[in-house]
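**Q** Everything in the sequence shown is counted per the numbering used here, starting at 13 for the first residue and increasing by one.
We put the beta carbon where it would ideally sit given N, CA and C, even for glycine.
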Amino acid sequence: MKPKKIFKEPFIGTSVTGDVTLLHSTNGNFSTIIAIENTAMQYGADPNAYESYHTCFGQIIKLLTDNYILQKTDIIAIKEYQPPEDQHTDYLSQKYFAHFKGRKYRDVQTYLTITKQSNRQKFFSYSEKDTKDFCNNISKVIDTLASYGIKTNPLDEQAISQLHRNYLAFNFSEPAFSIGNIACDKSGLDFGEKSMRVISVVDPEYMNLPNQMSAFRTGAQSISGFPSDNFSFLLDVPDADTIVYNQVVFIPDQMKVKKDMELKKKRHSSMPDPENKLSVNDIEDMFIDIAQNNELIVKAHLSILVASDPKKLARVCNTIDTHLFGLGIIPGRNTYNQMELFRAAIPGNADELKIWDKFTVSRPAALCFFFKENLMETEDSDYLLYFTDRQGIPIGVDPSEKVMQSGRINSRNRFVLGPSGSGKSFLMNSYLKQTYDQGADIIIVDTGHSYSGLCSYLGGKYITYSEERPITMNPFKIEQLS
């Protein structure tokens, strides 16, 4: 009987330099992990959000020097809704949130990992200068993200450890979980009652990719010109419990990679046939782009890790393959190294990727494959009104204070117009009740007595009219409320 293989941790510990927590790997690399938020809101219909995100990460790649790795991890997990704590004590609010408690919804978590590769040709030794330069680069990365409105939160030792435990259990949904044995074969990994498979988005051997790709696409939502992320389908994969989209960009020595590309071009030129001719043209176009725009050549890796019920996993993977086909991408078929790809997707461990799992591409092209969307979340404000989003869970929105401070509106007045039965009164009753709870004084003019019950419940002053008692005053001029 063969002895069971032991899963060896790829990290040896952490250290703190200044405000930066460094994660040290067994091969001499050190990394830092930053929690960020994608800025393009799903269904936000703002193409500038996608372009801005694309430009931001393009600047970060140019900011970093050779032998750096940029790893972006987007985790889409199903969670159960929990009401906010210690904010609503009245009976109606408690019952409102209790109605949604436990309802399942999808949540997006995004992490950016910056790794400095060690020189493996030399014996590794600690260099204070390298560590200081790395921390300075991390500060520049955080400043760049902040300048584009991207929220950042560098992880400390405890948060890094928690993230890695979640990953090893492949459980990002529950606060309490256990880490068990992992069974692995060429078709995927098994975590107890859940199975997971790694899909290599790009096959480096065949490079089945579209000729052109932009930072976003239009028309995917059956609306002409409506912008959406190239990989927006990841938010709507049926029966998928957890999806991890691993996006890695390696910044190699530019002189060395150019020489390698020149040799590759000569090899293709020596054997004239249509495929080799196309390869030569692609390499020449890349060199022209580098010369004109001072572009970089990078190595990239893209993989989708999807977990589901074992009986549904094949159908889930087929759904993802179908969406990739729609983008003009034929995913890799020879992904028999499932455990290697799983380990390499651990934040901070991308250096374990082998050469056959990377493909050469220009910097802007690599960023077109980055996931840029986020789902609607509760706003950061102390004046929140709750309404349900498209997933059917309450989301806190500030319709008065933040938009007033930012200059988007200059008046807090509201005007509601809609046909009969469209939900005007239902919306306004909820809106008025919540604004009253926030301490607002409310004056409302309505036809139809829709708010008489609310006015009576809150002990307000109700002014109405009839044929016998018509309006003989200005309803907007109220000098005394009691």
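What does the alpha-carbon distance come out to for the pair residue 279 and residue 379?
**A** In a straight line, the C-alpha of residue 279 is about 28 Å away from that of residue 379.
**Q** Have a look at residue 140 and residue 130 and give me their C-alpha separation to the nearest angstrom.
**A** Roughly 13 Å between the two C-alpha positions.
**Q** Jot down the residue ranges of each uninterrupted beta strand (DSSP E) in the segment 184-249, minimum 3 residues, whole runs only, in chain order.
**A** Fully enclosed beta strand (DSSP E) runs of 3 or longer: 195-197, 200-203, 206-212.
**Q** Counting only the same chain and skipping the five closest in sequence on each side, list residues whose C-beta sits under 6 Å from that of residue 75.
**A** Contacts found: 152.
**Q** Hey, quick one: how far does the alpha helix (DSSP H) through residue 172 stretch, first residue to last?
**A** It spans 169-181 - the alpha helix (DSSP H) in which residue 172 sits, taken as one unbroken run.
**Q** Going by CA-CA distance only, name the one from 186, 187, 207, 315 that's closest to residue 193.
**A** It is 207.
**Q** From the DSSP output, in three-state form, read off residue 288 for me.
**A** In the structure shown, residue 288 sits in a helix (DSSP, three-state: H, G or I).
**Q** Assuming the contact rule is C-beta atoms closer than 8 Å, residue 188 and residue 62 should be a hit. Round their C-beta distance to whole Å, please.
**A** Actually they do not touch by this definition, with Cβ atoms about 37 Å apart.
**Q** Report yes or no: do the segment 316-336 and the segment 270-277 share at least 3 C-beta pairs separated by less than 8 Å?
**A** With a cut-off of 8 Å, the segment 270-277 and the segment 316-336 do not count as touching, because too few Cβ pairs lie within range.
**Q** Helix, strand or coil for residue 166, going by three-state DSSP, please let me know.
**A** Residue state, collapsed to three classes: strand.
**Q** Given this structure, state the Cα-to-Cα distance separating residue 28 from residue 34, to the nearest angstrom.
**A** About 6 Å.
**Q** Are there 16 or more other CB atoms within 10 angstroms of the CB of residue 83, so buried, or fewer, so exposed?
**A** By the 10 Å Cβ count, residue 83 comes out buried.
**Q** Sort 181, 315, 146, 411 by Cα distance to residue 216 and report the nearest one.
**A** Taking only the C-alpha atoms, the option nearest residue 216 is 315.
**Q** Let me know if residue 305 comes out buried or exposed under the rule of 16 or more other beta-carbons within 10 Å of its beta-carbon.
**A** Residue 305 is exposed by the Cβ-count criterion.
**Q** Measuring straight from C-alpha to C-alpha, what distance separates residue 420 and residue 229?
**A** Their Cα atoms are separated by approximately 28 Å.
**Q** Rounded to the nearest angstrom, how far is the Cβ of residue 38 from that of residue 24, given a contact under 8 Å?
**A** Right, the Cβ-Cβ distance comes to about 6 Å (below 8 Å), so this counts as a contact.
**Q** According to DSSP, is residue 53 part of a helix, a strand, or is it coil?
**A** Strand.
**Q** Can you tell me where the beta strand (DSSP E) with residue 310 in it begins and where it stops?
**A** Counting along the chain, the beta strand (DSSP E) containing residue 310 begins and ends at 309-320.
**Q** Would you say residue 354 and residue 57 are within 8 Å of each other, going by their C-beta atoms?
**A** Against a cut-off of 8 Å, the Cβ pair of residue 57 and residue 354 comes out as no contact.
**Q** In chain order, which alpha helix (DSSP H) runs of at least 4 residues are fully inside the segment 344-414?
**A** If we require 4 residues or more, the alpha helix (DSSP H) runs fully inside the segment 344-414 come out as 350-356, 375-379.
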